[in-house]
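2 protein chains.
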Amino acid sequence: MVSKNLIHEGSPVCQTCAQKNASVFCKAKVEYLNEITGQKVSNTFKKGQTIFNEGSYPFGVFCINSGKVKLTHLGDDGKEQIIRLLKGGDIIGYRALLSGERYSATAVALEDTHICFIPKELFIYILKNDAALTFEMMKLLADELHKTELKMTHLAQKPVRERLAEILLFIEETYGFEEDGVTLNVRLSREEIANLVGTATESTIRLLSEFKRDNMVELDGKKIKIINQKKLAKTANLQD
Amino acid sequence: MVSKNLIHEGSPVCQTCAQKNASVFCKAKVEYLNEITGQKVSNTFKKGQTIFNEGSYPFGVFCINSGKVKLTHLGDDGKEQIIRLLKGGDIIGYRALLSGERYSATAVALEDTHICFIPKELFIYILKNDAALTFEMMKLLADELHKTELKMTHLAQKPVRERLAEILLFIEETYGFEEDGVTLNVRLSREEIANLVGTATESTIRLLSEFKRDNMVELDGKKIKIINQKKLAKTANLQD
DNA sequence: GTATAAACATGACAAAAATCATGGCTATGT
DNA sequence: ACATAGCCATGATTTTTGTCATGTTTATAC
């Protein structure tokens, strides 16, 4: 017997999707949700697998059902810059689709991830007919733009130490903690953290050690525990 | 006798606006254009005047008729970061309006600038009724997001020298040249250039002197001439 | 025109961060 | 269990960049 609650068996149904309330996408009218359920393709990506590649053409939009994804740019000298971290309920690949360009970023699964693919034609069709959803998409883009502008300013003005502290808090905000309430609920390599912060891997390692020495974090391999969030926030020197 | 071609006398008419083809805004349906023409308020901002301030509430959207505007963030330590440069045909203030937040940036006129103000209610009303315009807005946001993500990556990965060269080319792309075909068509202080590049003013001054020594630019007060664009592009080390 | 402030320029120095080098640790596959 | 590669860690060093100080030039206001 196949339970419809086991979302990983077969293709999830949008109307009963666990992410329904988290996703812009699933604020579409019921009729369109049905259409999406019918046409979408569900897929599993193993940790490390690429969902789409910078430079290739978008054929649709991806809606993350469960799992974690990083969106990265390849810098001119080949260094990776992580521009977004995503989770269940988030959609990816819409930016390029809307601009009518090739992907400007690469999406890679940070852990085993279930993703639904909605074909371009359907996506555009729904947008053209569902004003409320289009409005939500616009808001999403506006929010994303705002966040990116803030990151830009911080990259330009804040020292690496502050940026690292900020990124740790950002990871917490995005993925939260494990059951223990202190361990960040994601495994990132030091290099990946560096690529979020925009610095050299060694600098990240060194600063993490300092943060540990100053009792702000605890380190256990890729596990990072936030044990003094207040101090970390102060280190980040955030005003907003 | 008042000529309707003298756009600075009274309020310009959208349908005959010189920027009609440059602006997303003016791709709206004719009926809405008429509505905008009726309800908008036209204004002149002198060089240095603030159009709106970070932290205050948006009551509408601004459409630049002529002139130049900088959009800036105030960093946590009070340093200004220029996040966008705008010109005739561009609209500003839409980001906060769509997100339903206060302005996250300050807009200041870089020279005498004519701007039309479209009230929030009208703007939203039109968006809700003109799917094509909403789609254009979405595209605009998507493009802006892309540009900002690129800037972010470059800030994170490129040395100041490359970023300055890139910014000079960006200014050229945005505002073009004067009649002589080499002088950048905008007057920016060294500090403003530094705030675009994301570096200290002194570094900008020093590097500009180097660029001059290396025959890439000529400097005459705030006038900057690009005399070797190719070399400048090479210095910028651009791949995209 | 002259005073005054602002912007520009440059040198000296300090701080921050990247790079290079080396060694140990830890996963992964056989 | 063991080899191997990749990741983590740390020290030494260099490079880059920012800061401070000081003088000059250029606008701006009276």
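Sequence lines, in order, name chains C and S.
Start counting the first sequence at 1; every next residue gets the next number (our numbering).
Start counting the second sequence at 241; every next residue gets the next number (our numbering).
For every residue, glycine included, the Cβ atom is placed at its ideal position computed from N, Cα and C.
None of these values were measured; they are calculated from a predicted model.
| query | When you compare only the Cα positions, how much space is there between residue 124 (chain C) and residue 381 (chain S)? | reply | Looking up residue 124 (chain C) in the first sequence gives position 124. Looking up residue 381 (chain S) in the second sequence gives position 141. Going from the Cα of residue 124 (chain C) to the Cα of residue 381 (chain S) covers about 16 Å.
| message | Here's the rule: buried if 16 or more other CB atoms are within 10 angstroms of the residue's CB, otherwise exposed. What is residue 278 (chain S)? | response | If you number the second sequence from 1, residue 278 (chain S) lands on position 38. Flag for residue 278 (chain S) reads exposed.
| said: Once the 5 residues before and after residue 195 (chain C) are set aside, which same chain residues still bring their CB inside 8 Å of it? | reply: Taking the first residue of the first sequence as 1, we reach residue 195 (chain C) at position 195. Within the same chain, residue 195 (chain C) has close Cβ partners 72, 79, 80, 81 and 82.
| field | Members of the segment 190-205 of chain C that neighbour chain S once the beta carbon cut-off is set at 7 Å | value | 198
| Quick one: what's residue 63 (chain C) bridged to in DSSP? | On the first sequence, residue 63 (chain C) is found 63 positions in, with the first residue counted as 1. DSSP, once it has assigned bridges, lists C:91 and C:116 as partnering residue 63 (chain C).
| query | Taking the continuous alpha helix (DSSP H) assigned at residue 274 (chain S), which residues delimit it? | reply | In the second sequence, the residue the question calls residue 274 (chain S) occupies position 34. Run containing residue 274 (chain S): 270-279, per the alpha helix (DSSP H) assignment.
| By Cβ distance below 6 Å, which residues in the same chain neighbour residue 49 (chain C) in space, the five residues on each side in sequence not counted? | Your numbering for residue 49 (chain C) matches position 49 in the first sequence. Contacts found: 109.
| request: Quick one: using the 10 Å Cβ neighbour count with 16 as the cut-off for buried, is residue 166 (chain C) buried or exposed? | output: Locating residue 166 (chain C) in the first sequence gives position 166, where the first residue counts as 1. Its Cβ being crowded by 16 or more others within 10 Å, residue 166 (chain C) is buried.
| request: Report back the beta-carbon spacing between residue 90 (chain C) and residue 64 (chain C) to the nearest angstrom; my notes put them in contact at under 8 Å. | output: As a working mapping, residue 90 (chain C) is identified with position 90 in the first sequence. As a working mapping, residue 64 (chain C) is identified with position 64 in the first sequence. Sure, about 5 Å apart at Cβ, within 8 Å.
| message | Quick check: what's the CA-CA separation for residue 208 (chain C) versus residue 218 (chain C)? | response | What you label residue 208 (chain C) is simply residue 208 of the first sequence in a count that begins at 1. What you label residue 218 (chain C) is simply residue 218 of the first sequence in a count that begins at 1. Cα-Cα distance, rounded: 9 Å.
| query | chain C partners of residue 305 (chain S), CB-CB under 8 Å? | reply | The residue you call residue 305 (chain S) lines up with position 65 of the second sequence. Within chain C, no residue comes near residue 305 (chain S); the closest Cβ sits about 24 Å away, beyond 8 Å.
| message | Quick check: what's the CA-CA separation for residue 170 (chain C) versus residue 398 (chain S)? | response | The residue you call residue 170 (chain C) lines up with position 170 of the first sequence. The residue you call residue 398 (chain S) lines up with position 158 of the second sequence. The alpha-carbon atoms of residue 170 (chain C) and residue 398 (chain S) are separated by roughly 23 Å.
| query | Helix, strand or coil for residue 284 (chain S) per DSSP? | reply | Numbered from 1 along the second sequence, position 44 holds the residue referred to as residue 284 (chain S). Three-state result, residue 284 (chain S): strand.
| task | Please say whether residue 294 (chain S) and residue 346 (chain S) have beta carbons closer to each other than 8 Å? | result | As a position in the second sequence, residue 346 (chain S) is number 106, starting the count at 1. As a position in the second sequence, residue 294 (chain S) is number 54, starting the count at 1. Closer than 8 Å, so yes.
| said: Quick check: the Cα distance between residue 224 (chain S) and residue 333 (chain S), rounded to an integer number of angstroms? | reply: In this structure chain S extends from 241 to 480, so residue 224 (chain S) is not present and cannot be described.
| request: Look at the alpha carbon of residue 368 (chain S) and the alpha carbon of residue 59 (chain C), and state the distance between them as a whole number of angstroms. | output: Residue mapping note: residue 368 (chain S) aligns to position 128 of the second sequence, counting from 1. Residue mapping note: residue 59 (chain C) aligns to position 59 of the first sequence, counting from 1. C-alpha separation (whole angstroms): 27 Å.
| Helix, strand or coil at residue 106 (chain C) according to DSSP, with G and I counted as helix | Along the first sequence, one-based indexing puts residue 106 (chain C) at 106. Here residue 106 (chain C) sits in strand by DSSP.
| task | Count the other CB atoms, across all protein chains shown, that sit within 10 Å of the CB of residue 257 (chain S); report buried if there are 16 or more and exposed otherwise. | result | For the purposes of this step, residue 257 (chain S) is taken as the residue at position 17 of the second sequence. Per the 10 Å Cβ criterion, buried.
| request: Let me know the secondary structure DSSP gives residue 81 (chain C) once reduced to three states. | output: By 1-based counting over the first sequence, the position of residue 81 (chain C) is 81. Residue 81 (chain C): strand per DSSP, three-state reduction.
| task | List the residues of chain C that residue 377 (chain S) touches, going by C-beta distances under 7 Å, in chain order. | result | The sequence position of residue 377 (chain S) within the second sequence is 137, counting from 1. Here the neighbours are 138.
| Are residue 30 (chain C) and residue 136 (chain C) closer than 8 Å when you measure CB to CB? | In the first sequence, the residue the question calls residue 30 (chain C) occupies position 30. In the first sequence, the residue the question calls residue 136 (chain C) occupies position 136. No, the Cβ-Cβ distance between residue 30 (chain C) and residue 136 (chain C) is not below 8 Å.
| said: With H, G and I counted as helix, E and B as strand and the rest as coil, what does DSSP make of residue 51 (chain C)? | reply: In the first sequence, the residue the question calls residue 51 (chain C) occupies position 51. Strand at residue 51 (chain C).
| said: Considering only their Cβ atoms, is the gap separating residue 75 (chain C) from residue 22 (chain C) smaller than 8 Å? | reply: Against the first sequence, residue 22 (chain C) aligns to sequence position 22. Against the first sequence, residue 75 (chain C) aligns to sequence position 75. No, they are not a contact pair.
| said: Helix, strand or coil, according to DSSP, for residue 370 (chain S) in the structure here? | reply: The sequence position of residue 370 (chain S) within the second sequence is 130, counting from 1. Coil, per DSSP.
| message | Between residue 301 (chain S) and residue 337 (chain S), how many whole angstroms is the CB-CB distance? I'm expecting something under 8 Å. | response | Indexing the second sequence from 1 puts residue 301 (chain S) at position 61. Indexing the second sequence from 1 puts residue 337 (chain S) at position 97. 6 Å between Cβ atoms; contact.
| query | Does residue 92 (chain C) have its Cβ less than 8 Å from a Cβ in chain S? | reply | Here residue 92 (chain C) corresponds to residue number 92 of the first sequence, with the count starting at 1. With 8 Å as the cut-off, residue 92 (chain C) does not count as an interface residue toward chain S.
| request: List the DSSP bridge partners of residue 220 (chain C). | output: Within the first sequence, the letter at position 220 stands for residue 220 (chain C). Residue 220 (chain C) pairs with C:223.
| query | Going by beta carbon distance, what residues of the same chain come within less than 6 Å of residue 4 (chain C), once the five residues before and after it are set aside? | reply | Here residue 4 (chain C) is taken as the residue at index 4 of the first sequence, counted from 1. Bear in mind that the predicted position of residue 4 (chain C) carries a pLDDT of just 38, short of 50, making it too unreliable to give a figure here.
| request: Evaluate contact between the segment 459-467 of chain S and the segment 427-447 of chain S, counting only Cβ atoms and requiring at least three cross-stretch pairs below 8 Å. | output: yes
| query | Which residues in chain C sit within 7 Å of residue 382 (chain S), going by Cβ to Cβ distance? | reply | For the purposes of this step, residue 382 (chain S) is taken as residue 142 along the second sequence, with counting starting at 1. The contacting residues are 95, 98, 99 and 141.
| field | For residue 309 (chain S), three-class secondary structure by DSSP | value | Translated into the one-based positions of the second sequence, residue 309 (chain S) becomes position 69. Strand at residue 309 (chain S).
| query | How big is the Cα-Cα spacing for residue 379 (chain S) and residue 373 (chain S)? | reply | Indexing the second sequence from 1 puts residue 379 (chain S) at position 139. Indexing the second sequence from 1 puts residue 373 (chain S) at position 133. Between residue 379 (chain S) and residue 373 (chain S), the C-alpha separation is close to 10 Å.
| Can you tell me whether residue 176 (chain C) is buried or exposed, with buried defined as 16 or more other CB within 10 angstroms of its CB? | Indexing the first sequence from 1 puts residue 176 (chain C) at position 176. Burial call: exposed.
| Beta-bridge partners of residue 177 (chain C), as assigned by DSSP | Taking the first sequence and counting its residues from 1, one reaches residue 177 (chain C) at position 177. Its beta-bridge partners are C:184.
| If you compare alpha carbons, which of S:361, S:395, S:335 and S:442 is closest to residue 497 (chain S)? | For residue 497 (chain S) there is no data in the structure shown, the boundaries of chain S being 241 and 480.
| For residue 314 (chain S), the three-state DSSP class (helix, strand or coil) | As a working note, residue 314 (chain S) is residue 74 in the second sequence. Three-state result, residue 314 (chain S): strand.
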